[in-house]
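In our numbering, the protein residues as written are 8 to 359.
Given below as structure tokens:
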């Protein structure tokens, strides 16, 4: 059906796929419980001329569409997006509105680069500060464009919409090598040591890290690696950081695609499947509140480590009978313990 119509319609859920096929829309596909991956997009390239993303019109649907833009650009696949009316998913829309209404919606689908730019303009506006933010968010898209001609066309179109010259916009974009980037070489922490099992809190921390890699840099600055030291989580962290350094944008499914068979791949698969099955459309809705809670937990762990180090210093100082230094260390340890107590009260969900 996709070859005959030269078009694939991508929906987020398998139930949506079944419903559309039953109601007369056969050229539809859906990823298996995850967001679209590079490997899946490569498979679609051989079946049709374009792929239309049929997503919910809420914030999650818009975000999912925006995250897919770099994939389409890097694979040079013509992609469009059709957002459903508020309150509808593909299943409810085709049941209530019918196939003709669906086809009308699909015919009005907007090309992905134009969609991305429109969303950025709607979000930031075209003030001086708004243009600055738009240009910053366009950089990953320009970097993902895999041909010189593609980047040139995008620069011309985007610059006209934003209201600056193509040369000025191009000068603000990162230089992109024409050749394919070399394979990512991952660092492995302490390969000779047996990995330490993850605690419940560390498992939750790794899940957030995998599902919301956009917060990775902030978490690393807060001390994420120290909290995962010696665990499988540290392995995954290094792999995610390598991906982030290479492309600037990381998809959770991209990490899964690159992992060999083993414990890391099993853990990431479980995280993605559990996230998908918990609640439709919520797989990638990380909140600022949760991020703050995680950073608070990381800070608590750092203070716990500092408390243990001070305890060791106090013991050593006591053996040397240095009363002045001993008093200073005890005062510092008491202050750390007070901070820890306050954090445990605020951070009750992460007290393990």
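Built from N, CA and C at the ideal position, the CB exists for glycine as well.
Predicted model, so just to flag it, every value in this text is computed and none were measured.
Asked                                                                                                                                                                        : Found
Could you tell me the distance, in whole angstroms, from the CA atom of residue 152 to the CA atom of residue 81?                                                            : 5 Å
Run the CB neighbour count on residue 63, radius 10 Å, all protein chains shown included, and call it buried at 16 or more, exposed below.                                   : buried
For a test of the three-state rule: what should DSSP assign to residue 322, helix, strand or coil?                                                                           : helix
Check the C-beta distance from residue 232 over to residue 244 and give it rounded, since I have them as a contact under 8 Å.                                                : 6 Å
Under three-state DSSP, which class holds residue 15?                                                                                                                        : strand
With a threshold of 16 other CB atoms inside 10 Å of the CB of residue 345, please say whether the residue is buried or exposed.                                             : exposed
Run through the DSSP bridge pairs and tell me what residue 36 is partnered with.                                                                                             : 17
Count the CB pairs spanning the segment 132-143 and the segment 92-104 that are closer than 8 Å, and state whether there are at least three.                                 : no
Buried or exposed: where does residue 322 fall if 16 or more other Cβ atoms within 10 Å of its Cβ makes it buried?                                                           : exposed
From what residue to what residue does the alpha helix (DSSP H) around residue 151 run?                                                                                      : 135-151
Enumerate in chain order the residues of its own chain whose CB-to-CB distance from residue 34 is below 7 Å, with the five nearest sequence positions on each side excluded. : 8, 9, 12, 14, 15, 16
If contacts are defined as beta-carbon pairs under 8 Å, then residue 116 and residue 89 qualify, I think. What distance do you get, rounded to the angstrom?                 : 4 Å
How big is the Cα-Cα spacing for residue 55 and residue 208?                                                                                                                 : 45 Å
Can you give the Cα-Cα distance for residue 309 and residue 230, rounded to whole angstroms?                                                                                 : 8 Å
With which residues is residue 88 paired in a DSSP beta bridge?                                                                                                              : 60, 117
Hey, quick one: how far does the alpha helix (DSSP H) through residue 257 stretch, first residue to last?                                                                    : Segment: none, residue 257 is in no alpha helix (DSSP H) and carries neither H nor E.
Out of 303, 221, 266, which has the shortest C-alpha to C-alpha gap to residue 234?                                                                                          : 303
Express the C-alpha separation of residue 238 and residue 330 in angstroms, rounding to a whole number.                                                                      : 39 Å
Is DSSP giving residue 171 helix, strand or coil here?                                                                                                                       : coil
I need the DSSP call for residue 99, collapsed to helix, strand or coil.                                                                                                     : helix
Which residue from 46, 32, 50, 77 puts its Cα closest to that of residue 61?                                                                                                 : 32
From this set, 155, 319, 306, 337, which residue's C-alpha is nearest residue 369's C-alpha?                                                                                 : Summary: the structure shown does not reach residue 369, with the chain confined to residues 8 through 359, and so no result is reported for it.
What are the boundary residues of the alpha helix (DSSP H) that residue 45 is part of?                                                                                       : 45-52
Return the CA-CA distance between residue 192 and residue 26, expressed in angstroms with no decimal places.                                                                 : Residue confidence is low: residue 192 scores 41 on pLDDT, short of 50, so the model does not pin down where it sits. No coordinate-derived value is stated.
Could you tell me the distance, in whole angstroms, from the CA atom of residue 108 to the CA atom of residue 114?                                                           : 10 Å
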